[in-house]
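Residue numbers (full-length UniProt numbering): 1 to 546. Glycine residues also receive a C-beta, built at the ideal position from the N, C-alpha and C atoms.
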């Protein structure tokens with residue numbers, strides 16, 4: 001009897017010792033005392049599609065994560081849970097499957113601007129990774145300001161490091177206040193567009209031949225590919241030659257290319273075989289992309305993504321959130337709840353098209369040349385005068401002064417009746433003179449008679465092979481006016497940058513004044529037809545606010 005008792009006691013002591021060394025993991029259980037905690041959702045699937053289908057049925061704010069098995073095949077399975085519950089288990093070490101965790105970036109979901117950077121150190125002995133990262137951050141911040149008027153500094157960029165002795169590897173997540181992109185396809189388009197000079201430089205180095213005009217040709221072809229439009233580039237070239245702002249001068253072009261080469265050369269690195277490649281991985285902007293998470297390593301490796309030594313971003317900690325959890329939440333590409341005030345889109349996808357996308361493309365070609373990447377900030381259509389007014393961003397060349405303005409933007413006005421276009425600007429001195437550039441003819445292929453002849457009702461095929469009807473060109477003035485308003489409403493939903501946030505708060509008033517000048521001039525020429533049909537100021541103001 002005594003022997004049995006001693007044996008039992010030894011077993012209990014051994015079990016107690018085991019649990020002391022390996023305590024039972026705590027279980028995520030929301031309590032009434034912690035109302036901010038969501039209900040428990042922890043579901044694992046073998047297929048990504050099944051995981052997304054399950055997400056649609058959940059009431060909680062759940063997300064899909066890919067978990068990589070520590071095998072040679074690199075097989076992944078998919079976890080559906082909330083950010084809170086994932087963090088509860090993530091760093092405690094109880095679930096080894098969470099050591100190799102990836103965030104799945106859903107197609108069509110708003111997301112942060114992110115970069116995957118890497119190069120092999122033995123193939124690039126002179127490369128200074130930290131300096132390259134700093135230069136890239138400065139470049140991207142500059143482009144965010146130029147193209148979207150978004151203020152961002154190095155303190156708004158989360159810098160994660162998973163470098164080894166062999167490989168330099170970083171993840172950058174840009175966190176400007178209340179600003180995200182429409183989806184990661186738009187992020188990819190933005191990244192490719194700002195890196196076009198580096199891509200051209202890489203291609204020229206790879207070919208070891210740099211033709212004098214190759215840069216310009218490559219830029220046109222690259223822009224066409226990103227936009228997805230098919231346009232007569234020759235006609236655009238011919239039509240634009242007359243404008244001094246875009247005239248081709250050999251010395252200026254050479255200087256521009258030399259400046260580009262010096263500014264973007266740091267982005268060109270060698271791969272293992274010595275071939276040229278970009279420091280920035282352009283392959284991480286595909287739909288449903290799996291992006292490795294903070295504090296995770298790749299399967300079979302033990303190097304995790306950690307805060308880089310040169311990181312300058314420090315998150316704001318909300319109530320009941322530790323600093324480590326705040327870093328974790330900031331690192332999630334699709335955690336955009338705190339950043340949804342402004343949603344950035346890129347004009348290349350066509351979300352900002354006017355009723356005449358062919359003309360939009362032509363206008364973009366005028367302001368996206370010689371190393372300057374301009375774009376259409378917004379458009380407005382005046383149906384009675386048949387005039388399209390484009391407010392331009394990132395391109396400030398003015399015919400009046402023969403150079404680019406330092407801070408004031410320009411406008412391109414397209415007269416559909418006269419089949420011409422001309423330039424005006426927001427600069428006070430130019431407005432005081434009521435400056436308007438000389439008129440240049442539109443390319444024949446984008447004039448209205450040609451467009452009407454090709455098709456009476458336009459349709460466009462998007463990248464997912466779905467068809468949507470576009471405006472029937474000029475069925476009558478009222479119909480086009482209605483369609484213009486509906487497109488403006490759509491624009492305001494897709495591109496939510498508030499006008500009050502732009503660098504020149506007087507631009508709206510200037511834009512209105514310019515369009516009023518157009519109306520007055522047209523009214524003087526066509527007083528018989530339009531004397532009683534001027535666009536009211538209230539309508540103009542309302543259109544410009546959207």
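Cβ-Cβ separation, residue j to residue i (assumed contact under 8 Å), whole Å
i, j, result
"residue 407", "residue 158", "About 31 Å; that fails the 8 Å criterion."
"residue 394", "residue 147", "6 Å"
"residue 44", "residue 78", "7 Å"
"residue 412", "residue 390", "4 Å"
"residue 180", "residue 336", "5 Å"
"residue 30", "residue 37", "4 Å"
"residue 265", "residue 366", "28 Å between Cβ atoms; not a contact."
"residue 42", "residue 85", "6 Å"
Endpoints, alpha helix (DSSP H) assigned at residue i
i, result
"residue 337", "No alpha helix (DSSP H) holds residue 337; DSSP gives it neither H nor E."
"residue 18", "2 to 21"
"residue 111", "No alpha helix (DSSP H) contains residue 111, which DSSP labels as neither H nor E."
"residue 87", "83 to 90"
"residue 391", "Not the alpha helix (DSSP H): residue 391 falls in the beta strand (DSSP E), residues 387 to 393."
"residue 552", "Look at the range of the chain in this structure, 1 to 546, and you will see that residue 552 is not part of it."
"residue 361", "357 to 367"
"residue 327", "323 to 331"
Cβ-based neighbour list, residue i, same chain, cut-off 6 Å, excluding 5 preceding and 5 following
i, result
"residue 427", "405 and 408"
"residue 162", "169, 303 and 305"
"residue 284", "116"
"residue 107", "287 and 288"
"residue 312", "154 and 155"
"residue 417", "386"
"residue 485", "Because the pLDDT of residue 485 is 40, which lies under 50, any placement of that residue in the model is unreliable, and the question is left without a value."
"residue 144", "150 and 152"
"residue 439", "420 and 422"
"residue 378", "391"
"residue 295", "304"
"residue 51", "45, 64, 78 and 80"
"residue 18", "none"
Sequence-distant residues of the same chain with beta carbon closer than 8 Å to residue i, five excluded per side
i, result
"residue 298", "68, 100 and 292"
"residue 333", "103, 105, 111, 112, 114, 173, 184 and 291"
"residue 310", "130, 133, 134 and 159"
"residue 238", "Its pLDDT being 41, under 50, residue 238 is placed unreliably by the model, and nothing is read from it."
"residue 321", "329"
"residue 550", "For the chain, the structure presents residues 1 to 546; residue 550 sits outside this window and is missing."
"residue 316", "326"
"residue 34", "320"
Cβ neighbours of residue i in the same chain (closer than 7 Å, five flanking residues each side left out)
i, result
"residue 124", "269 and 270"
"residue 446", "358, 359 and 362"
"residue 88", "28"
"residue 46", "77"
"residue 437", "399, 422 and 423"
Opening and closing residue of the beta strand (DSSP E) in which residue i lies
i, result
"residue 623", "What the structure shows of the chain is the stretch from 1 to 546, and residue 623 is not part of that stretch, so it cannot be assessed."
"residue 439", "That residue, residue 439, is in no beta strand (DSSP E); it is neither H nor E in DSSP."
"residue 277", "276 to 278"
"residue 66", "63 to 68"
"residue 101", "101 to 105"
"residue 289", "289 to 292"
"residue 55", "Segment 48 to 57 is the alpha helix (DSSP H) holding residue 55; no beta strand (DSSP E) there."
"residue 431", "Here residue 431 belongs to no beta strand (DSSP E); instead the alpha helix (DSSP H) covers 428 to 432."
"residue 43", "43 to 45"
"residue 268", "268 to 270"
"residue 382", "375 to 382"
beta-carbon residue i near the ligand ATP non-hydrogen atom, thresh 6 Å
i, result
"residue 269", "The ligand ATP is absent from the structure shown, which contains no ligands of any kind."
Cβ of residue i within 7 Å of any chain C Cβ
i, result
"residue 276", "Note that chain C does not occur in the displayed structure, where there is just one protein chain."
Ranges of the alpha helix (DSSP H) found wholly within the stretch 162 to 194, counting only runs of at least 4: Within the stretch 162 to 194, the complete alpha helix (DSSP H) runs of at least 4 residues are 184 to 194.
Any alpha helix (DSSP H) of 4 or more consecutive residues that is wholly inside the stretch 118 to 151: You should have 129 to 148.
Looking at C-beta atoms only, is the number of pairs between the stretch 160 to 173 and the stretch 104 to 122 that lie closer than 8 Å three or more? Inter-segment contact for the stretch 160 to 173 and the stretch 104 to 122 is present: three or more beta-carbon pairs are separated by less than 8 Å.
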